[in-house]
Structures are given as C-alpha cells and as structure tokens.
Amino acid sequence: MMRSDNNRKGKPTRSGREGGNSPKPYGKKFASQPKKSAAPQKKSNPDEIRLNRYIANAGICSRREADTYIAAGNVTVNGKPVTEMGYKVKRSDDVRFDGKRLSMEKKEYILLNKPKNFITTTSDEKGRRTVMELISSASSARLLPVGRLDRNTMGLLLFTNDGELTKKLTHPKHGVRKIYHVHLDKSLSVADLHKIEAGLELEDGPIEVDSISFVQGAPKRELGIEIHSGRNRIVRRIFEHLGYEVTKLDRVIFAGLTKKDLPRGHWRHLTEQEVINLKNIK
1 MMRSDNNRKG KPTRSGREGG NSPKPYGKKF ASQPKKSAAP QKKSNPDEIR
51 LNRYIANAGI CSRREADTYI AAGNVTVNGK PVTEMGYKVK RSDDVRFDGK
101 RLSMEKKEYI LLNKPKNFIT TTSDEKGRRT VMELISSASS ARLLPVGRLD
151 RNTMGLLLFT NDGELTKKLT HPKHGVRKIY HVHLDKSLSV ADLHKIEAGL
201 ELEDGPIEVD SISFVQGAPK RELGIEIHSG RNRIVRRIFE HLGYEVTKLD
251 RVIFAGLTKK DLPRGHWRHL TEQEVINLKN IK
C-alpha cells in the first residue's frame, strides 16, 4: 500500500519548509560519489576439490552424509582432523576416513543385463565376444567384472574399478545374495527338490543352497534358486548331479540389485543409494 500525504498547503512539513515542498531526494546527494571497486575474485584451483565431494567420489557415502562425518571428526587431512564445512583438499593430500586412506579416483559402478554368447573376461585369445564390448561406451575408466557368468548364462553382472568392493562381493564369508531363474530339460521331482534343499555332495565338496522353489504358475521344470556360493558353474552342476540339464539360466538378483527396467544387453549406472547399500554389506 502506498503511503498517503495528509499535509495541507501552507502547513509546515517535517522538513520545516512552507507549502509542503518535499525535500530533495537523498539519492542525488550520493550520485556523484565514485563507486567502490569490486574485490578481486579469488581464482579457483583446478587441483582442489571440496572435502565432502572427495569422500563421496571415494564411494564412502553421499556428500550430505560426508558433511555429518566431517563435523563429527571422522575425517583427517594430512594427519589432522578437519571439521570445517567447505574445506578443500588437493590430489596430493592424505585424506583418511576412520583411519583408512581414501583415493580421489572416481569410482564407477555399472550394472549389465548380460545376454548369451558373451565371455566374462576382459579379452579372449580365441576372438570370442566379451562382456567388455557391451559396456564400452559406459565409462573411460578401467572397469572389471565382479565375479563371472558362464558364456551361456544370462543376467546381472556388475562392473567397477572399486577393488575393495569387488573383494567384498566375491568373498564367500559375506554371503552375497544371488537368485537364479532356472529352466531344466524336464520337470524336477519333489524328491530331488528335497535332496537339493538338504544339500548335495559334489566332486569338489558339499554344497547347500539358501532356498529353492518352483516358479509359481510355470511348469515344474522352472525353478528359482538362491545361493551365495561362487564356485564355478555351481548351479548347473547341482542339477547335473541329479541327472538334469539346465537349458536356460538367468541371474535375476545380485547383492540386492534387480533387472527392473534393464533390458537384455543393456547397462546402467548404479544410483548413489545402491552403492551405499553394497558397501554396507557385512
């Protein structure tokens, strides 16, 4: 709302002038003064990066969570605790989280829905097609597959340059969850289903599955099997031991990751939360 003027003609105004003449605007008083020169802007150092981003790039947590850890004193730079928000570090700095040194190299995580007829290796002397062809456009970083899938096995395969995570996901003690959709050449008998549930003795030792069941609404030759063993061709060998042939094998879940919205032969980057979930596997 505009301010109204109730002064009548001839009545002194607040300025003490007759006739209600308004004083000269104050703006004119300062119009002739020279403008202050702007402070020179500090050039950013391309070799520096914010500490919270450094921690996030190392795959420890999100930037927001990194701020919490920094404030709590979990982070040191060159041996000294840093709790300042917005603190910047250089590539040459020794940054540690809970005493463990971090790498500034950006970690990448690619999930592929592998089709048949691709070898899980970085190169093949026989000239066969490898899974690396399928993710060649995903990143310029040197990514390696986490574990392996047989040439004729389809489904989820993770790639990363995070060596520590790879070690965790492939070590038997962590019991990483893997679920396969299995197609057999004939129906599986209930008796053989119970044998698999109870555990089998294979040529390279005993094997137990975490769970096995028929696929609801499908023929009895289709099953879902959950197993954490990473032994070579283990799913196929379980059924071969009982006289069945696996005609189709598809890994549908790996370490909590699924094939949702990921067509066969396609890949995608993991989300920040998915990476955090993988790192939190005990």
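Using full-length UniProt numbering, the first residue of the sequence shown is number 1, and each one after it goes up by one. For each residue, glycine too, the CB sits at the ideal point set by N, CA and C.
Would a C-beta distance cut-off of 7 Å place residue 102 and residue 58 closer than the cut-off?
yes
What whole-angstrom Cβ distance do residue 182 and residue 252 have, given they're in contact under 8 Å?
Incorrect: roughly 10 Å between the Cβ atoms, too far for contact.
Between which two residues does the beta strand (DSSP E) holding residue 118 run?
From DSSP, residue 118 is part of no beta strand (DSSP E); its letter is neither H nor E.
Supposed close pair residue 54, residue 89 - CB separation, criterion 8 Å
6 Å
Nearest neighbour of residue 204, chosen from 229, 65, 188 and 161 [CA to CA]
229
Reference residue 143; option with closest CA among 151, 131, 159 and 80
159
Spatial neighbours of residue 264 within its chain, please: CB distance less than 6 Å, with the 5 preceding and 5 following residues excluded, ordered by chain position.
113 and 115
Residues in the same chain with beta-carbon distance under 6 Å from residue 48, minus the five sequence neighbours each way, listed in chain order, please.
88 and 90
What is the rounded straight-line gap between the Cα of residue 129 and the Cα of residue 272?
31 Å
Close beta carbons around residue 94, own chain, < 6 Å, minus the five adjacent residues each side
78
In this structure, what does DSSP give as the bridge partners for residue 285?
Nothing about residue 285 can be read from this structure; the chain reaches only from 1 to 282.
How is residue 65 classed by DSSP in three states: helix, strand or coil?
helix
Residue 157: first and last residue of the uninterrupted beta strand (DSSP E) it sits in:
153 to 160
Beta-bridge pairing of residue 206 - partner residues as DSSP gives them:
201
Cβ shell of residue 120 (< 6 Å), same chain only, five flanking positions each side left out
131, 145, 148 and 149
Please name the residue in 52, 256 and 274 whose C-alpha comes closest to that of residue 86.
52
Using the Cα positions of residue 74 and residue 66, report the straight-line distance between them to the nearest angstrom.
9 Å
Neighbourhood of residue 106 by C-beta distance below 6 Å, restricted to the same chain and skipping five residues each side:
57
Leaving out five residues before and five after residue 250 in sequence, what residues of the same chain have Cβ atoms less than 6 Å from its Cβ?
154, 155 and 181
Using the beta-carbon count (16 or more within 10 Å), is residue 223 buried or exposed?
buried
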